[in-house]
Amino acid sequence: MRQLAGEKGVTPAQLSLAWLLHQGQEVVPIPGTSDLCHVEENAAAVGVRLDAAELARIDAMVPQPAGARYDPEGMRTVGI
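Quick note: to get the working numbering, add 12 to the position in the sequence shown (first position is 1).
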């Protein structure tokens with residue numbers, strides 16, 4: 013991630029947020045920080061554009077989910 017972020021001229025955090033923003037409208041990143049500088053840095057991720065090859069490269073680095081977050085009973089309690 014650091015190498016690709018460096019190639020793009022952004023921080024790893026910005027690259028991660030940009031990748032999340034490219035995942036579709038149902039994905040909403042909620043970054044947390046107590047540092048104003050980081051708030052501004054995170055907000056700048058909105059302007060980071062990733063092409064299909066870059067998205068595929070990042071996708072290959074992201075671990076796949078190990079399974080469902082909730083069991084079937086738990087899913088009923090969250091309304092899905």
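From the three backbone atoms N, C-alpha and C, an ideal C-beta is built for every residue, glycine too.
Rounded to whole angstroms, what is the Cα-Cα separation between residue i and residue j?
i	j	result
residue 66	residue 39	18 angstroms
residue 83	residue 89	10 angstroms
residue 23	residue 54	9 angstroms
residue 49	residue 18	19 angstroms
residue 36	residue 87	22 angstroms
Give the single residue among the options whose Cα lies nearest to the Cα of residue i.
i	options	result
residue 74	89, 50, 28	28
residue 20	50, 52, 61, 49	61
residue 43	30, 86, 80	30
Beta carbon of residue i, beta carbon of residue j: below 8 angstroms?
i	j	result
residue 64	residue 26	no
residue 70	residue 33	no
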